[in-house]
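Numbering (the working numbering), first residue to last: 83 to 539. We put the beta carbon where it would ideally sit given N, CA and C, even for glycine. Please read these numbers as outputs of a predicted model, since none were measured by experiment.
Here's what the structure looks like:
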C-alpha cells in the first residue's frame, strides 16, 4: 500500500512539473525576448525596452503558482538557515532531519553545489511525504542561486533553477565638489560602484590627489533586479572623466570577445589597465610627497623622502601595484612592517608602516596586481596611520606618480573594428538620452551561468 501511495504521489508530482514546464515554454515565446547571460559579464547591447505580459499570461502563471503551492502544502515542510559555523549536515541535524534524508540530499547535491562555498544565511526547505520520504529539497545560496533536488521516478535529480532578472541600464553624470566619492554618494549610489568606476582609471589618475573641483564624470551602468528587489551592479559599460579645464578627457569602453577577456579600452583600442596602478590605497590621502628635501616629522632633520605617504584609516587594505613576487616581508627598521615586491624590467615596489600582513602572502610567493598584501598602520617611525609607498626602477627610486607605464594590451583587427562600432553605438545611445532621464533601458534576461553577472551588495 505504501509503495502504491508513493507511486501515485510521484506521478502527481511529475504531472505537475511537466505541465508547468510546457506552459512556461509557451509563455516564454509570448513574453518579450530574453538575453541569456553566459559566464562572465554581458557586453553592452542597445536593446528594446521589455514588454510586459498580458493579463491572460498572468492568470495562467498565477494558476500554476497556486496549484504548485497547494500540491506542496500536502507535504511536511522543514525550513532552515545556516548559522555561523554550520555545515549543511549540522544544520539538518538541528532540525531533526533523519540521517537517511540528510545523506540523500548531500549526495544528490554533491555535483551541483560547492559545499566549501556555503555561508551563514543560506536557506533551505525540505519536503517530506506521509511516509517521511524525501520529495524535494530547495537550497538557496543567494537571490540568484537556487538549487533543487527532487524525486523523479526511482531516483533524485539535482539542478540549478533558471532565474529571470530585470537588467536596468542607467545613465549617471555629475561633477566634483569635494571628492569623487562624495559626488557618487550624492547620486544615491553605493561605495561598490564608486570603487569600480575609480578602478577603471586606476592606472591613469590617482583619485587621491588629482581630482579638482569642477571635474565631471559620466557612466553608463547596469543594475540587476529580481521581482523589484535590487540585487547589485553589473558592468559599467562606459565611463568618462573630464578635467574642469577640458585639457584632459579619459574614456573607457567595456569590451570582450572570444579572444579578449572583458576589460576597458580607450578610443584607440589601448587597454586602460597598465602594468602598474597609480595608487595601492584607493581613496587614500597624500600626506607627504616625493622629495629630496623633506623635513622628517620625527627625526627633525632633512631626510630625502623617496616615495609618497598615503594616509588612510588604520586597517585599510593595501593592494599590490603590479604582478610580482614577494622579495621581503617583515620588520625593516623605521619602515616598521614592510613588504617589498619585485616585478619585471627592473622594478620593485615598497610598502611600509603596515599594521599587519595578509596572512596568505608569503615571502617568495607570487602575487597578482590588486591583490591585498597588507593593511595600513603606523609601525616604525610614523606619526599616524599611512602607507609609505615607493617604486624603484633599476635600483633608482622614482616618483610613483611621475612614471607612465605601457598599456597591458592593444586591440587589433576585428576586435579593434568591433570596438569602434561599439563606440558609435554608445555615442548614439547617449545622444538619445533625455536630459533628465536616468533609466534609459530595461531588459528581462535569463540568468543561466554558474558565474554571477551580478556583483551582489
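Using CA atoms only, rank isn't needed, just tell me which of 477, 180, 389 is closest to residue 435. On the chain shown, residue 435 is found 353 positions in, with the first residue counted as 1. Its Cα nearest to that of residue 435, the residue 389 stands out among 477, 180, 389.
Mark residue 465 as exposed unless 16 or more other C-beta atoms lie within 10 angstroms of its C-beta, in which case mark it buried. In the chain shown, the residue the question calls residue 465 occupies position 383. Exposed, since its Cβ has fewer than 16 Cβ neighbours within 10 Å.
Is it buried or exposed, residue 413, if we count other Cβ atoms within 10 angstroms and call 16 or more buried? On the chain shown, position 331 is the one that residue 413 refers to. With fewer than 16 other Cβ atoms within 10 Å, it is exposed.
Do you know how far the Cα of residue 177 is from the Cα of residue 243? Taking the chain shown and counting its residues from 1, the one referred to as residue 243 is at position 161. Taking the chain shown and counting its residues from 1, the one referred to as residue 177 is at position 95. Those two C-alpha atoms are separated by around 25 Å.
Counting only runs that start and end within the segment 475-499, where is the beta strand (DSSP E) found for 3 or more residues in a row? Those beta strand (DSSP E) runs which fall completely within the segment 475-499 and span 3+ residues are 478-480.
Hey, would you say residue 471 sits closer than 8 Å to residue 354, going by beta carbons? In the chain shown, residue 471 corresponds to position 389, counting from 1. In the chain shown, residue 354 corresponds to position 272, counting from 1. Against a cut-off of 8 Å, the Cβ pair of residue 354 and residue 471 comes out as no contact.
Helix, strand or coil, according to DSSP, for residue 117 in the structure here? Here residue 117 is taken as the residue at index 35 of the chain shown, counted from 1. Note that residue 117 scores 43 on pLDDT, short of 50, meaning its location in the model is unreliable; the coordinates nonetheless yield the value given after this. Residue state, collapsed to three classes: strand.
Tell me, which residues are paired with residue 159 by DSSP? Counting from 1 along the chain shown, the entry for residue 159 is found at position 77. The partner list for residue 159 (beta bridge, DSSP) reads 209.
Alpha-carbon spacing of residue 529 relative to residue 319, whole angstroms: One-based indexing of the chain shown puts residue 529 at position 447. One-based indexing of the chain shown puts residue 319 at position 237. Spanning the two alpha carbons is a distance of roughly 19 Å.
Which whole-angstrom value is the C-beta distance of residue 158 and residue 210, which I expect to be below 8 Å? Counting from one through the chain shown, the residue named residue 158 turns up at place 76. Counting from one through the chain shown, the residue named residue 210 turns up at place 128. Right, their Cβ atoms sit about 4 Å apart.
Beta strand (DSSP E) segment containing residue 399, residue limits: Mapped onto the chain shown, residue 399 falls at position 317. That run of the beta strand (DSSP E) goes 399-401.
Alpha carbon of residue 502 to alpha carbon of residue 286, nearest angstrom: By 1-based counting over the chain shown, the position of residue 502 is 420. By 1-based counting over the chain shown, the position of residue 286 is 204. Near 21 Å, if we compare the C-alpha coordinates of residue 286 and residue 502.
Given a threshold of 16 other Cβ atoms within 10 Å of its Cβ, counted over all protein chains shown, does residue 521 qualify as buried or as exposed? For the purposes of this step, residue 521 is identified with residue 439 of the chain shown, where counting begins at 1. Under this definition residue 521 is an exposed residue.
Compare the C-alpha of residue 449 against each of 411, 327, 188 and name the closest. For this step, residue 449 is matched to residue 367 along the chain shown. Among 411, 327, 188, the Cα nearest to that of residue 449 is on 411.
What is the DSSP secondary structure of residue 471, reduced to helix, strand or coil? Your numbering for residue 471 matches position 389 in the chain shown. In this structure, residue 471 counts as strand in the three-state DSSP scheme.
Taking only runs of the beta strand (DSSP E) that begin and end inside the segment 213-298, which ones reach a length of at least 3 residues, in chain order? Within the segment 213-298, the complete beta strand (DSSP E) segments at least 3 residues long are 216-224, 227-234, 237-242, 245-257, listed from N- to C-terminus.
Throw me the rounded Cβ distance for the residue 305 and residue 226 pair, which I believe falls under 8 Å. Taking the first residue of the chain shown as position 1, residue 305 is located at position 223. Taking the first residue of the chain shown as position 1, residue 226 is located at position 144. That pair is no contact at about 14 Å.
Backbone secondary structure at residue 32 - three-state DSSP: Residue 32 falls outside the range modelled here, since the chain spans only 83 to 539, and no answer is possible.
Under the rule that 16 or more other beta-carbon atoms within 10 Å means buried, what is residue 525, buried or exposed? Residue 525 sits at position 443 when you count from the first residue of the chain shown. Burial call: buried.
To the nearest angstrom, how far is it from the Cα of residue 169 to the Cα of residue 473? The residue labelled residue 169 in the question sits at position 87 within the chain shown. The residue labelled residue 473 in the question sits at position 391 within the chain shown. The straight-line gap from Cα to Cα measures roughly 45 Å.
Within its chain, find whatever has a CB closer than 7 Å to the CB of residue 249; leave out the 5 residues flanking it on each side and keep chain order. For the purposes of this step, residue 249 is taken as residue 167 along the chain shown, with counting starting at 1. Hits under 7 Å: 304, 306, 316, 525, 527.
Candidates 467, 406, 254, 499: which alpha carbon is nearest residue 397's? Translated into positions along the chain shown, residue 397 becomes position 315. If we check each option's Cα against that of residue 397, 467 comes out closest.
If you follow the beta strand (DSSP E) that residue 439 is part of, which residue opens it and which one closes it? Taking the first residue of the chain shown as 1, we reach residue 439 at position 357. Residue 439 -> beta strand (DSSP E) spans 429-439.
For residue 336 versus residue 323, is the C-beta distance shorter than 8 Å? Locating residue 336 in the chain shown gives position 254, where the first residue counts as 1. Locating residue 323 in the chain shown gives position 241, where the first residue counts as 1. Their beta carbons are not under 8 Å apart, which means residue 336 does not touch residue 323 by this criterion.
Under 8 Å: do the segment 189-196 and the segment 271-285 share three or more Cβ pairs, one atom per stretch? no
How big is the Cα-Cα spacing for residue 212 and residue 196? Start at 1 with the first residue of the chain shown, and residue 212 comes out as number 130. Start at 1 with the first residue of the chain shown, and residue 196 comes out as number 114. Cα to Cα, the separation comes out at about 31 Å.
Bridge-paired residues (DSSP) for residue 312: Locating residue 312 in the chain shown gives position 230, counting from the first residue. Answer is 307, bridged to residue 312.
In chain order, what residues of the same chain have a beta carbon less than 6 Å from the beta carbon of residue 489, not counting five sequence neighbours either side? Residue numbering aside, residue 489 sits at position 407 when the chain shown is read from its first letter. Excluding residues within five positions, the ones whose Cβ falls inside 6 Å are 352, 353, 356.
As assigned by DSSP and simplified to three states, the class of residue 344: The residue labelled residue 344 in the question sits at position 262 within the chain shown. Of the three classes helix, strand and coil, the one that applies to residue 344 here is coil, per DSSP.
In whole angstroms, give me the CA-to-CA distance for residue 482 and residue 363. The residue given as residue 482 occupies position 400 in the chain shown. The residue given as residue 363 occupies position 281 in the chain shown. Roughly 13 Å separates the two Cα atoms.
For residue 302, which beta-bridge partners are listed by DSSP? Here residue 302 refers to the residue found at position 220 of the chain shown. Answer is 253, 320, bridged to residue 302.
Top-ranked residue by Cα proximity to residue 348, from 401, 494, 238: As a working mapping, residue 348 is identified with position 266 in the chain shown. The residue with the shortest Cα to Cα distance from residue 348 is 494.
What residue does the alpha helix (DSSP H) around residue 182 start on, and which one ends it? Locating residue 182 in the chain shown gives position 100, counting from the first residue. It spans 181-191 - the alpha helix (DSSP H) in which residue 182 sits, taken as one unbroken run.
With DSSP as the reference, please indicate the residues paired to residue 410 in a beta bridge. Within the chain shown, the letter at position 328 stands for residue 410. Paired residue(s): 422.
Please classify residue 359: does DSSP put it in a helix, a strand, or coil? Here residue 359 corresponds to residue number 277 of the chain shown, with the count starting at 1. Reduced to three states, the DSSP call for residue 359 is coil.
Going by the CB atoms, is the gap between residue 459 and residue 438 shorter than 8 Å? The residue labelled residue 438 in the question sits at position 356 within the chain shown. The residue labelled residue 459 in the question sits at position 377 within the chain shown. Yes, these two residues count as a Cβ contact at 8 Å.
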